[in-house]
Structure formats: structure tokens, C-alpha cells
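Visitor: This structure is in C-alpha cells; I'll ask about it shortly.
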Amino acid sequence: MDGDGRAYSMGERAGVGILTWALLADQPVDALVTTRHGGVSAGPYARLNLGLHVGDDPAAVRENRRRAAAALGLRLEDLVFCNQAHGRAVAVVGAEHGGRGTTDDADAIDGVDALVTTTRGLGLVAMVADCAPIVLVDPGAGVLACVHAGWRGTVARVAEAAVETMGSLGATPGSILAAIGPAVAPERYQVGHEVAAAARAGLGPASERVVRPDGPGRWLFDLRSANRVVLEEAGVKTANIVTADVPSDDEHFYSDRARRPCGRFAVLAALRPRGKPL
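Using numbering that gives the first Met the number 0, the first residue of the sequence shown is number 0, and each one after it goes up by one.
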């Protein structure tokens, strides 16, 4: 916990507004969630929009991405972006993928919602604007993942798929630390029958904990808690999962449900090179 008892803290690094988790503070990983503060975008994208696909000036987005990389202690060419597909596909990436998608979406890793690596100093990125951003790391095994989990990916158990892929690279679920970032607040995420039924199918009995009735034909879906359920069922210890309980429509972030068009914030994470101080 930070000084006021929260699992996360808000601050600034290299001029960029960020959110970080106390759980990861003393681990061999640098991880942060960008806010909308510290960039050069204007209008509905002000200021630190990281999405090239939302109608913002591409030059502004590239500069924002450079600043976000610097906040992580990296160069733009050290980052890897993916074209997210709202599914459960995972890609394992290495040094040869550095720079993919940083200046052009056409070059991003396509059709996946989670990136996994064992390469130190490679920055993984998952962009969101209501969906849940997740960092997974097994510090001892040196395996890292960044996950984008919207409702479709959540009920498809994309976080579980990321844990399984990490396991193929030497990680152990019981050793994985999981940090969930800002996402749509459950009291403001009203869904219809399609989503509620998909949650019941994908999450089973646990869906009763994260989907609750909100009037005829309507339900409220707790996206962050749903991903906690998925991670627990994948073998991640409850004590090793923390959540930043701040909504994406907070003044510090972007929310596609609250306002369109809007920018995108992101989770960025990289395994520290050996010898780099904690």
C-alpha cells in the first residue's frame, strides 16, 4: 500500500502523469498506467492520447508515445504495440519486435489482446479507454505480460490465456503478481442480455459476484472484479492481485463510454535490465 493505504498512487514521471501500484514497487519490473496529463494533443484528445486510431493528429500521438516511453525509462523504439481484437489471443514478443506499432498501427502486432515477454528492457503496451489494463509478472522467472481486457476479452478469459502463455515460458501461476488498472466503474457499466449471458457462460457460478441486476433486462458488470475472478481461477493467489479502484471516466483518464471521440491511455511495463537498481 502507499502512504494513505491505497494499492496504487498517482504521480508524475518525466513530465507525464502516471498511476503505479505498490505491489510492484520493489520488483524487477517498471510498470505504469498513463493518465491524460503531460502530452501535446488538443481538443477531446487532450493531452496525452496514445491512440493513433481515434482521429487525433498522428504527429501529436507519436510525441505522446515518446513521452510515455521516457516515463518508463525507455525509447519509443523499445515499445511494442498491438492491434487489439477483444479476444483471448496472446503473442510472445522479443527484442526483434521492438518498435512494432509505435509510429503506425499497420506495423503493430495484429489481432491479440495480450503481449508476453522474457526480454528485459522491452516495453509492452496495452491501450484502453474503459477496458481493464492488466500487468502480470513472475519476478523470479522473469516473465512479463500486459493485457487488454474488455468485456469480450474478460468473458473469453484473456487474462487466463496470458497466465498460461507465461507458464509456457517458465512462470508459475502462484508466483505471478497481478495489477489491474483503471476501468469503467461497475455502477456505471450497465449492460444488456448479451453481455450478461456471455459473462455467465464464460465465468460460470462466479458471474453472480460480478454481474448484478439493474432493472428489467439490464445488469451492472464489474469488469475489474471479473478479471480478478479469472486470475484467481487461473492459479494466481488472491493476495497477489491488486486493483486500482479508480474509474476510467475520472478526470485523469479517458472514457469512450463517457465521451466520444476521446483518447486512449495505456498500461506500459518492462522487465528491468539486470543490474538496474530497483
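For every residue, glycine included, the Cβ atom is placed at its ideal position computed from N, Cα and C. Please read these numbers as outputs of a predicted model, since none were measured by experiment.
(1) Under the three-state reduction of DSSP, which class applies to His192: helix, strand or coil?
(2) Assess contact between the region 100 to 116 and the region 68 to 86, defined as three or more Cβ pairs (one per stretch) separated by less than 8 Å. Is contact present?
(3) How would you label Glu11, buried or exposed, when you count the other beta carbons within 10 angstroms and need 16 or more for buried?
(4) Just checking my contact of Arg35 with Leu47 at CB under 8 Å: how many whole Å lie between their CB atoms?
(5) For a quick check, are the C-beta atoms of Arg87 and Gly152 less than 9 Å apart?
(6) Looking at Leu176 and Leu18, is the spacing between their C-beta atoms short of 9 Å?
(7) Candidates His52, Cys261, Gly139, Ala13: which alpha carbon is nearest Leu270's?
(8) Using only alpha-carbon positions, find the residue among Val241, Leu51, Pro204 that is nearest to Ala105.
(9) Just the Cα atoms here: how many angstroms apart are Cys261 and Val146?
(10) Which residue spans inside the region 122 to 208 form an unbroken alpha helix (DSSP H) run of at least 4?
(11) Ordered along the chain, which non-local residues of its own chain (more than five positions away) have a Cβ less than 7 Å from that of Asp221?
(12) Taking the alpha-carbon positions, what's the Val157 to Val183 distance?
(13) Look up Asn226 in the DSSP assignment and say whether it is helix, strand or coil.
(14) Which residue's Cα is closest to the Cα of Ala170: Val245, Ala144, Val194, Ile108?
(15) So Val245 is in the beta strand (DSSP E); what residue range does that whole segment cover?
(16) Do Asn63 and Gly42 have their CB atoms nearer than 9 Å?
(17) Do Met165 and Arg263 have their CB atoms nearer than 9 Å?
(18) Please give me, in chain order, every unbroken run of the beta strand (DSSP E) with length at least 3 that falls completely inside the region 23 to 62.
(19) Could you tell me the distance, in whole angstroms, from the CA atom of Ala197 to the CA atom of Ser174?
(20) Ignore the nearest five residues each way along the sequence and tell me which others in His94's own chain have a CB closer than 7 Å to its CB.
Guide: Based on what the coordinates show:
(1) As a first step, residue 192 must be located in the sequence shown, where it is residue number 193. If DSSP states are grouped into helix, strand and coil, His192 belongs with the helices.
(2) yes
(3) The count along the sequence shown starts at 1 and reaches residue 11 at position 12. It counts as exposed.
(4) For the purposes of this step, residue 35 is taken as the residue at position 36 of the sequence shown. For the purposes of this step, residue 47 is taken as the residue at position 48 of the sequence shown. With a Cβ gap of about 5 Å, Arg35 and Leu47 count as contacting.
(5) Here residue 87 refers to the residue found at position 88 when the sequence shown is read from its first residue. Here residue 152 refers to the residue found at position 153 when the sequence shown is read from its first residue. Their beta carbons are under 9 Å apart, which means Arg87 touches Gly152 by this criterion.
(6) Looking up residue 18 in the sequence shown gives position 19. Looking up residue 176 in the sequence shown gives position 177. No, they are not a contact pair.
(7) Stepping through the sequence shown from its first residue, residue 270 is reached at position 271. Out of His52, Cys261, Gly139, Ala13, Gly139 has the C-alpha closest to the C-alpha of Leu270.
(8) For this step, residue 105 is matched to residue 106 along the sequence shown. The shortest C-alpha separation from Ala105 is found at Leu51.
(9) Start at 1 with the first residue of the sequence shown, and residue 261 comes out as number 262. Start at 1 with the first residue of the sequence shown, and residue 146 comes out as number 147. Those two C-alpha atoms are separated by around 21 Å.
(10) 150 to 154, 157 to 167, 192 to 202
(11) The count along the sequence shown starts at 1 and reaches residue 221 at position 222. Cβ within range, chain order: Pro185, Val209.
(12) Working through the sequence shown from its first residue, we reach residue 157 at position 158. Working through the sequence shown from its first residue, we reach residue 183 at position 184. Distance between the alpha carbons of Val157 and Val183 is about 18 Å.
(13) Start at 1 with the first residue of the sequence shown, and residue 226 comes out as number 227. Looking at Asn226 - three-state DSSP - the assignment turns out to be helix.
(14) Residue numbering aside, residue 170 sits at position 171 when the sequence shown is read from its first letter. Residue Ala144 is the option with its Cα nearest to Ala170.
(15) One-based indexing of the sequence shown puts residue 245 at position 246. Looking at the DSSP string, Val245 is not in any beta strand (DSSP E), and its letter there is neither H nor E.
(16) One-based indexing of the sequence shown puts residue 63 at position 64. One-based indexing of the sequence shown puts residue 42 at position 43. It is not a contact, given that the beta carbons lie outside the stated cut-off.
(17) Counted from its first residue, the sequence shown places residue 165 at position 166. Counted from its first residue, the sequence shown places residue 263 at position 264. Not in contact: Met165 and Arg263 (Cβ atoms no closer than 9 Å).
(18) 28 to 33
(19) Against the sequence shown, residue 197 aligns to sequence position 198. Against the sequence shown, residue 174 aligns to sequence position 175. Cα-Cα distance, rounded: 30 Å.
(20) For the purposes of this step, residue 94 is taken as the residue at position 95 of the sequence shown. Rather than His, the amino acid found at residue 94 in this sequence is Ala. So the list reads Thr118, Leu121, once near-sequence residues are dropped.
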